[in-house]
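For the protein sequence lines, the chains are A and B, in the order given. Letter by letter, the first sequence follows residues 0 to 370 in numbering that gives the first Met the number 0. Letter by letter, the second sequence follows residues 0 to 384 in numbering that gives the first Met the number 0. From the three backbone atoms N, C-alpha and C, an ideal C-beta is built for every residue, glycine too. Beneath this line is the structure, given in structure tokens, with notes to follow.
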Amino acid sequence: MIEKGKISALQMGLLMYHAILATGILFIPATVFNVAKQDIWISPILASPLGFLSVYIAYKLNKYYPKDTIMQYSKHILGTFWGKMLGLLLLLLLITSLSVMFWQYGEYVVSEFLPHTPKSVIIGMMVILCAFAVHGGLEVLGRLAGMVFPVFFLLFLVIIILVLPDVEVKRMLPVMENGLMPSLKGAWVLCTWFAQFGIIYFFLPFLTDREKGLKFGMLSVLVVTLTLVVTNIIVIWLFGNVTENFNAPFMSASRYISLAEFLSHLESIVMAIWIAGTFIKLCVFYYVVVIGTAEWLNLSDYRSLVLPMGFLIGVFAMQAFLNSAEAAEHFRIVSHEIMDTLVYGLLIPIFLFLGAYIRKTIFKHKVRRTN
Amino acid sequence: MRRAIMIGVIFMAFVLLTGCWDRRETNDLAIITGVALDKNKEGQIELTAEIHSPGGSGNGSGGGEDNNQGGVQSTVLQIGKGSSIPEAIENLNEKLPREILWSHAEAIVISKAFAENGISDELDFFVRHPEPRLRSYVFISDGKAKENMALRPSLERSVSEALIKLAESEVLMKATLFDLMEMLKGEQGAIVLPMIDKLSPEEGQLPSESIAYIHRSAVLKQGKMIGVINDQISRGVLWFRNEINESIVTVEPDEADEIISMNLIKGRTDLVPEIDGQSLKMTVKIVTIDDVIQNQTSWDLKRLDKLKALENELVQKIEKRLTDTLDTVQKEMKIDIIGFGEEFRRHHPKKWKNIKGDWDEKFPTVQVDFDIDARVLRAGKGSET
């Protein structure tokens with residue numbers, strides 16, 4: 000096995016929590032609001048089954064091939080050539096996905112906080128930081144997630160509590176004004192986030208307590224769902240119809256806080272949460288890309304790939320889009336029409352799972368016959 | 000080698016972590032505390048910025064009329080002109096040696112002439128720009144907005160501070176930028192904003208020593224100002240919107256010719272809409288708790304029957320005020336600034352879809368019932384006279 004380190008199932012759950020939620024917490028309320036209006040808090044609940052399914056499929060595949068990641072068992076299932084081709088497709092999807100995430104990070108920091116700083120510096124520094132963490136290996140990532148999560152969660156709660164004096168519950172009424180359809184459409188948008196849970200297939204082989212993998216995977220989906228529901232409810236209670244005016248409603252909510260005239264301008268707290276969470280998210284995907292490539296190339300160590308991959312991704316991220324319209328076009332096509340996360344998170348695993356299922360049953364038949 | 004790299008990295012961090020591209024030193028900033036928006040005769044936007052002046056020694060303002068009378072003056076005025084707000088700001092920037100910081104601009108005063116031409120497009124700037132705050136208070140001024148900014152209030156350090164305090168005291172209408180956005184986004188786009196007037200100066204006072212105060216409210220529809228309501232009607236509107244916080248109610252019982260004044264401790268309004276076929280009905284449920292603060296009548300308020308009678312008077316008084324409000328708002332102006340439409344939408348979403356289209360015609364026909372529960376808790380310390 001290429002990865003020598005091991006993480007606990009809990010650490011895996013935390014890694015996944017950040018990997019999904021870090022960007023979501025800022026952008027999900029506004030994106031979903033466009034279709035679901037005041038019912039945005041229902042959408043995460045409707046979309047969560049997809050997350051559970053992704054985790055379950057990944058877990059099932061891991062049961063068949065306990066010591067392998069997807070790169071290896073795709074070869075076992077489809078044969079070397081098709082397995083490699085599928086692996087290549089997966090890697091390409093993940094590398095574009097990761098580059099876009101780095102771009103998103105840079106774009107947001109530049110537009111909201113540091114307008115005069117060159118984006119290459121912001122992205123470059125994050126790439127270097129992530130490269131250090133990924134170079135440290137999976138155990139380091141697991142520990143980092145364990146460290147960041149309590150801070151993340153605490154600050155999240157602080158923001159929620161401080162927003163409470165300004166909320167008005169009646170802004171979420173009427174519930175389901177136009178039936179279930181708007182929230183279902185919102186759920187469809189959310190699927191792109193929940194499907195990312197599929198990349199758990201890269202972590203399951205490296206667990207110390209494998210039997211708990213499913214439990215903590217599911218728990219992670221559950222906590223992500225709850226966090227999203229709470230965020231969306233708070234946003235809608237606070238902003239109601241005005242939500243659509245903000246790119247990042249949760250950030251605007253923190254700006255809106257003003258307690259006793261001196262406790263205000265708390266957006267730096269949200270920024271801290273967000274940067275910490277995004278750092279973990281980027282590390283997770285960075286690690287997945289690096290270890291996937293190493294396994295795809297049958298290398299003996301993945302660490303030598305960290306820096307070159309970082310350069311590649313950094314350049315991709317800086318050159319990704321010229322302006323926000325191009326980015327919007329990209330998201331429309333890739334995230335909503337092709338649904339790339341759904342492809343690598345759910346469709347490929349399901350396809351492999353069916354293959355594995357057929358193979359194992361046929362293989363079993365053979366075994367029985369020889370007996 | 001390895002150590003050399005590590006040291007190199009640490010030193011790089013020192014250089015990079017300073018964030019040199021986006022540094023903003025306080026002494027390079029012009030902190031805007033209030034903004035006034037006017038339209039001049041050529042149709043250009045005039046943006047008057049009230050800028051905090053460090054050290055209180057800034058009497059060298061360029062465009063503002065200031066005559067440094069009201070003690071140490073802590074703000075200076077500067078005007079920028081342009082065909083849009085960003086252009087006006089650019090123009091303002093040319094005249095300022097420092098970089099503008101918007102995040103403390105907490106009072107936005109819009110002139111009546113400006114508001115009559117529509118404010119929704121211009122508001123976009125304040126929403127999109129990352130610095131201005133959603134909690135900034137918005138006012139409409141009767142005359143030129145910049146004239147209000149040129150006043151020198153004696154109690155507060157600057158006009159905007161005085162305006163903010165006025166709005167926060169919640170005696171009359173207050174509206175933040177966020178409230179304004181919400182009203183704009185609402186079903187009807189009906190907006191009420193506090194309106195400030197200049198108090199005519201007392202004898203012996205300089206004109207600039209007068210103060211701006213809120214005593215009316217401006218009514219806007221789809222972002223355009225269409226009318227004004229007085230303070231009594233404004234309070235009625237506050238009752239309907241469940242925003243009443245501070246109020247003195249004075250009743251004059253029929254049997255006694257003198258008056259009793261009460262201080263409102265708590266007032267809560269619930270609107271209960273009903274749709275019955277074609278007819279729309281709204282029940283206004285009010286619970287209010289009051290304390291007596293002045294009793295000029297001969298009533299002994301320690302007696303239960305008198306207290307009950309007083310409570311009845313109070314109910315009638317509130318009902319009268321609300322009916323007056325309805326007469327103005329519903330029958331005369333025919334504009335839903337009291338949030339009936341929202342309530343119908345929230346309680347009867349399905350039926351609302353049918354009436355939404357011709358709400359403007361339907362709104363004046365809504366039948367309103369009152370269900371007022373007034374309680375007088377304390378009769379005050381003074382004994383009967």
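Next on the checklist: 7 Å is my cut-off, CB to CB: does GLU181/B come that close to chain A?
Outcome noted: It does; some Cβ of chain A falls within 7 Å.
Checklist entry - Counting only beta-carbon atoms, is VAL162/A nearer than 7 Å to chain B? => result no
Item to check | 7 Å Cβ cutoff, GLN68/B in contact with chain A | outcome: With a pLDDT of only 43 at GLN68/B, under the threshold of 50, the placement of this residue in the model should not be trusted, and no figure is reported.
Item to check | Between the CA atoms of THR282/B and ILE158/A - distance to the nearest angstrom | outcome: 37 Å
Checklist entry - Nearest-angstrom Cα distance between TRP81/A and ALA316/A? => result 29 Å
Checklist entry - What residue from ALA217/B, HIS103/B and GLY81/B has the CA that sits closest to GLU93/B's CA? => result GLY81/B
Next on the checklist: Any beta carbon of chain B sitting closer than 7 Å to that of THR30/A?
Outcome noted: no
Checklist entry - Using a beta-carbon distance below 7 Å, is HIS126/B in contact with chain A? => result A quick correction: the sequence has Val, not His, at residue 126/B. By this cut-off, VAL126/B is an interface position.
Checklist entry - Residues of chain B with CB under 7 Å from THR277/A, in chain order? => result Residues of chain B whose Cβ lies closer than 7 Å to the Cβ of THR277/A do not exist, since the nearest Cβ in that chain is about 18 Å away.
Checklist entry - Buried or exposed: where does THR324/B fall if 16 or more other Cβ atoms within 10 Å of its Cβ makes it buried? => result buried
Checklist entry - So which residues of chain B does SER257/A contact, with C-beta pairs closer than 7 Å? => result ARG134
Checklist entry - Taking the runs of the alpha helix (DSSP H) that are 4 residues or longer, which of them lie wholly in the segment 315-381 of chain B? => result Listed in chain order, the complete alpha helix (DSSP H) runs (minimum 4 residues) inside the segment 315-381 of chain B are 339-346, 348-355 and 358-361.
Checklist entry - By the 10 Å Cβ neighbour count, where 16 or more other Cβ atoms means buried, how is LYS173/B classified, buried or exposed? => result buried
Item to check | Test item: CB-CB of GLY338/B and ARG240/B under 7 Å | outcome: yes
Next on the checklist: For VAL305/A and MET100/A, what's the separation of their Cα atoms in angstroms?
Outcome noted: 17 Å
Item to check | At least three beta-carbon pairs within less than 8 Å, the segment 146-155 of chain B to the segment 261-270 of chain B | outcome: no
Checklist entry - For SER257/A, which of helix, strand or coil comes out of DSSP? => result Strand at SER257/A.
Checklist entry - Are the Cβ atoms of LYS280/B and ASP370/B separated by less than 7 Å? => result no
Next on the checklist: Let me make sure I understand the geometry here. Which of TYR104/A, SER73/A, LEU183/A and GLN103/A has the alpha-carbon closest to that of LEU89/A?
Outcome noted: SER73/A
Item to check | Residue-level contact to chain A via CB, VAL375/B, 7 Å cutoff | outcome: no
Item to check | Extent of the continuous beta strand (DSSP E) run through ASP290/B | outcome: First-last of the beta strand (DSSP E) with ASP290/B: 278-294.
Item to check | Sequence-distant residues of the same chain with beta carbon closer than 7 Å to ALA194/A, five excluded per side | outcome: LEU49, SER53, THR340, LEU341, GLY344 and LEU345
Checklist entry - Excluding the five sequence neighbours on either side, which residues of its own chain have a C-beta within less than 6 Å of the C-beta of THR207/A, listed in chain order? => result LYS5 and SER7
Next on the checklist: Spatial neighbours of ARG97/B within its chain, please: C-beta separation below 7 Å, excluding the five flanking residues on both sides.
Outcome noted: Excluding positions up to five away in sequence, the list reads ASP27, LEU28 and ALA29.
Item to check | Pairwise C-alpha distance: SER119/B and THR230/A | outcome: 29 Å
Next on the checklist: Quick check on the burial criterion: 16 or more other C-beta atoms within 10 angstroms. Buried or exposed for PRO131/B?
Outcome noted: buried
Checklist entry - Any idea what DSSP makes of ILE210/B, helix, strand or coil? => result coil
Checklist entry - Excluding the five sequence neighbours on either side, which residues of its own chain have a C-beta within less than 8 Å of the C-beta of GLU176/A, listed in chain order? => result LYS36, GLN37 and ASP38
Next on the checklist: On the DSSP bridge list, what partners appear for MET194/B?
Outcome noted: According to DSSP, MET194/B bridges with ILE139/B and ARG215/B.
Checklist entry - Once you ignore the five residues that flank PHE343/B on each side, which residues in its own chain have a CB closer than 6 Å to its CB? => result Taken in chain order, the residues that qualify are PRO272 and TRP351.
Checklist entry - Does the beta carbon of HIS134/A come closer than 7 Å to any beta carbon on chain B? => result no
Next on the checklist: In this structure, how does DSSP classify LEU296/A when only helix, strand and coil are distinguished?
Outcome noted: coil
Item to check | Every unbroken alpha helix (DSSP H) within the segment 67-111 of chain A, with a cutoff of 4 residues, ordered by chain | outcome: 69-77 and 79-111
Checklist entry - According to a CB-to-CB cut-off of less than 8 Å, which residues of the segment 154-185 of chain B neighbour chain A? => result PHE177, MET180, GLU181, LYS184 and GLY185
Next on the checklist: Can you tell me whether GLY12/A is buried or exposed? The criterion is at least 16 other CB atoms within 10 Å of its CB, across all chains shown.
Outcome noted: With 16 or more Cβ atoms within 10 Å of its Cβ, GLY12/A is classed as buried.
Next on the checklist: Give me, in chain order, the residues of the same chain whose beta-carbon lies closer than 7 Å to that of PHE352/A; leave out the 5 immediate sequence neighbours on both sides.
Outcome noted: ILE56, LYS59 and LEU60
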